[in-house]
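Everything on this sheet refers to the single structure shown next.
Protein chains: 2
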Amino acid sequence: MKTINIGLIGFGTIGSGLVRALKENKNLLAERTGLRFVIRRICDKDISSPREVKVKRGILTRNSEDILSDPRIDIVVELIGGTRPALDYILRALQNKKPVVTANKSLLAEKGEIIFNTAYKNKVKIGFEASVAGGIPIIRSLREGFVANRIKGLYGIINGTTNYILSQMSEKKISFNQALREAKEKGYAEKNSKLDISGIDSAHKLAILARFAFNSICPWKRIYREGIEKITPLDIEYGEELGYCLKLLAIAKLKNGGLELRVHPALLPTSHPLSSIQGAYNGIYLTGDLIGETLFYGKGAGANPTASSVIADIVSIAEGKGEALNWMKAVKNRKINDIGELRTKYYFRFMALDKPGVLARIAASLGKHGISILSCIQKEREKKVVPVVMLTHWAKGSSVQAVLKEIDRLSVIKEKTVVIRVEESE
Amino acid sequence: MKTINIGLIGFGTIGSGLVRALKENKNLLAERTGLRFVIRRICDKDISSPREVKVKRGILTRNSEDILSDPRIDIVVELIGGTRPALDYILRALQNKKPVVTANKSLLAEKGEIIFNTAYKNKVKIGFEASVAGGIPIIRSLREGFVANRIKGLYGIINGTTNYILSQMSEKKISFNQALREAKEKGYAEKNSKLDISGIDSAHKLAILARFAFNSICPWKRIYREGIEKITPLDIEYGEELGYCLKLLAIAKLKNGGLELRVHPALLPTSHPLSSIQGAYNGIYLTGDLIGETLFYGKGAGANPTASSVIADIVSIAEGKGEALNWMKAVKNRKINDIGELRTKYYFRFMALDKPGVLARIAASLGKHGISILSCIQKEREKKVVPVVMLTHWAKGSSVQAVLKEIDRLSVIKEKTVVIRVEESE
């Protein structure tokens, strides 16, 4: 039986999970592939702390060259995360004609161009299924299963932490801060959760998905982005009353020859397939000219789902099937559409003095900017300042900004108006 | 640019859809793969009727040998369906070392062994993504994306016709016959819909999925099967009242070393991800040791979704990636578990005389056979014979059969008792 020798860089939780999964399912993999997969060397800066799996002491090293320059290593797996030194390791492996498997989403979002170009020039394969949506085979599906489709749109819930927080806020009617605290206690959020809650992590993953969906360079910093920090249980509740569910969505569409790329909280009709994605799960909803609507659902993070995708990439490369990068020849640099030009429906929550004529003034201001109202909720409350909720027809982002500037200056408006996009099929 | 010459056998709706899709997305495919895909020859017994796409008259033939023996043909696509002559064409293509792509689920379910063995012996690739769940890349995901996973269970809604009928019955509270009639009118059911409504089509597809999930020969005729012909809107309504949704499920699990294989109507908790699969859509829910729970959702039939999967297979083969059949070396012949031994929860609807002591007699009979009642609905009705609905704890299939025999003989029971399995996580 042929042996595939793997060099693993990064021996943290994810790296240890890979070592364990390869050990536990060794026979299964041998049956399915006719190959034996062996972790020949593991590099980490810390080689003394105990791990959840036992490995022979001799295979541990602190010197990456023991992997990158060892002719016995067939495939390099990078699981340290972050930009440096991961980038140097990956480029060096590729230059040494060693195929690479990585789960590093921020690196691919930041430095994808140089990595893919280096792989392409050196005719070396690179696998990165684990970089987006954990165990869901979405890269493989986009690149292979849907290769014949013009992708029209892609809507993802691709950050488990924020989906968990929003699900808890909806279910328990608790504040963002309380839900975040609980998510940290239960291990669904990291101590420093800024990358997740600000939408940066989703933007990284969206940049990777959009690149393959639309074969275009997608600089992640140009993705319009709002986090979930300002979401309140009140808005979730009003949304639900109106028949919507609040989610942090990552959206990519090809429109008028340009790319529409955005990550923000959005109200989705409860009938939409993505509405049922609860807790720390991920979901990706795609439309293509041949497949129509399709949805993938699964665990978006964790050692096991990541190991599942990393091993799938290792097997593909070992079987000579991995990503051939043929598309690099035709990669485009599409323009990124201006968010101000984007038209969606909108949810507004105005905090207004409860006195006659207020509704009329708000409506007049909206009308002046060409924004028409679909529905409105104003309930009797025993307070001076009351929430006035409005759902609008399709409106341009720039008109909404203009109207907000105007309305938030009115003396009857007592707090900054809350604005949330409403996503519906066009 | 390298050209891949395709020989197409079968120029009906699906075949025409493939020709059109390859034509319309020619440039897209060239960009993504660096290859040009050309339909070089089309074989059909009818080469004179007009089709929705135009092709050069010269490429049409009624002689399959013009494709199977033509050295210029790189890949043979079989889209005629049925067992004969499709089997002969496929075997001949494989023996001539021509890779084959097929969407023929009944053929693969009936004759998979000989087809896969012939491909394996001749070292030729075979693609069959389109045979199950239309445009959903489920075969690819099972064979590649989840290659590292021990699959625990697979639950599929893999027949769009029956799911459409059941959705309509639930939504409009109409009878099976009326829903079937409407499905035929709208093109969701074929004139002869027996294969669909009896569960045979689902069993064919389940045999293919289970083969790859568990690397075992799966004779489709040994799959336990019930159709949806006897489902009434009354049972759907009671199920919904109890928090369940009625679906025709195809289920495969590895249990005690054997395969549990079954296709039957089942009540699923409305919180289950498959519950939200409505209309003619398909959904496949999988659990694996690394990925945990995962779901795929999409169109399960039609010319476009089928073309999507057929082209994906063509591209994979052209790129040298297709199914290598390495698993054939280790294919198993697992035992098929006896349906009588299977334990599930159950829904019963007894049609009983509305008089004192009836409930007690039913309950006594159930108790005697070790079946305990979870909940019961009996409503006041102004009729002599009333439905008594019971939901039970886990019970063995053989005990249920025994108890039914007993209860249906009682003088107070006026109709054959309705029994539906309830699927819940164990």
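Sequences listed follow chains P and H, in order.
Okay, so the first sequence: first residue is 1 according to the numbering used here, each after it adds one.
Okay, so the second sequence: first residue is 1001 according to the numbering used here, each after it adds one.
Glycine included, each C-beta is placed from N, C-alpha and C at the ideal position.
Values in this document were obtained by computation on a predicted structure and should not be read as measured data.
Opposing strand residues paired with residue i [DSSP bridges]
i, result
"P:E293", "P:T287"
"P:E260", "P:K253"
"H:Q1378", "H:V1388"
"H:E1078", "H:I1009 and H:T1102"
"H:Y1224", "H:R1262"
"P:V422", "P:L267 and P:K345"
"P:K247", "P:A266"
Continuous alpha helix (DSSP H) stretch holding residue i: start and end
i, result
"H:M1169", "G1160 to K1172"
"H:K1002", "Not the alpha helix (DSSP H): H:K1002 falls in the beta strand (DSSP E), residues K1002 to I1009."
"H:Y1238", "P1233 to E1241"
"P:R361", "V358 to K368"
"H:L1154", "Element bounds for H:L1154: not the alpha helix (DSSP H) but the beta strand (DSSP E), I1151 to I1157."
"P:D88", "A86 to Q95"
"P:V403", "G397 to I407"
"H:L1068", "E1065 to L1068"
DSSP-derived helix/strand/coil call for residue i
i, result
"H:F1146", "coil"
"H:S1198", "coil"
"P:R334", "coil"
"H:Y1188", "coil"
"P:P269", "strand"
"H:K1299", "strand"
"P:G340", "helix"
"P:I73", "coil"
"H:G1279", "coil"
"H:L1410", "coil"
"H:I1208", "helix"
Residue-chain proximity (residue i, chain P), Cβ-Cβ < 8 angstroms
i, result
"H:N1304", "yes"
"H:K1121", "no"
"H:R1072", "no"
"H:R1361", "no"
"H:P1137", "yes"
"H:S1141", "yes"
"H:N1104", "no"
"H:H1163", "Reading off the sequence, residue 1163 of chain H comes out as Asn, not His. No, its Cβ sits nowhere closer than 8 angstroms to a Cβ of chain P."
"H:A1266", "no"
"H:L1008", "no"
"H:G1187", "no"
"H:A1324", "yes"
"H:N1215", "yes"
"H:L1154", "no"
"H:F1259", "In the sequence under discussion, the amino acid at residue 1259 of chain H is Leu, which differs from the Phe named in the question. With 8 angstroms as the cut-off, H:L1259 does not count as an interface residue toward chain P."
"H:N1117", "no"
"H:N1256", "no"
"H:A1021", "yes"
Chain H residues whose Cβ lies nearer than 9 angstroms to that of residue i
i, result
"P:K299", "I1291, G1292, E1293 and T1294"
Segment limits, beta strand (DSSP E) that includes residue i
i, result
"H:Y1347", "R1343 to L1353"
"P:R36", "L35 to C43"
Proximal chain P residues relative to residue i, where beta-carbon distance stays under 8 angstroms
i, result
"H:A1307", "A148 and L290"
"H:W1394", "Per Cβ cutoff of 8 angstroms: no residues; H:W1394 is ~26 angstroms from chain P at best."
Within-8 angstroms CB hit, residue i to chain H
i, result
"P:E319", "yes"
"P:E423", "no"
"P:I311", "yes"
"P:E31", "yes"
"P:S276", "yes"
"P:P269", "no"
"P:A252", "no"
"P:A330", "yes"
"P:A210", "no"
"P:L94", "no"
"P:P427", "Lying outside 1 to 426, the shown extent of chain P, residue 427 of chain P is not represented and no answer is given."
"P:N333", "no"
"P:G34", "yes"
"P:W327", "yes"
Cβ-heavy atom distance, residue i to the ligand MN, below 7 angstroms
i, result
"P:V76", "Within the structure as shown, the ligand MN is missing, as the structure has no ligands at all."
Contact list for residue i against chain H, beta-carbon separation under 7 angstroms
i, result
"P:V388", "In chain order: nothing, as chain H lies at least about 33 angstroms away."
"P:L28", "R1150"
Neighbouring residues, chain P, relative to residue i (Cβ below 7 angstroms)
i, result
"H:S1316", "E144"
"H:N1025", "A148 and R150"
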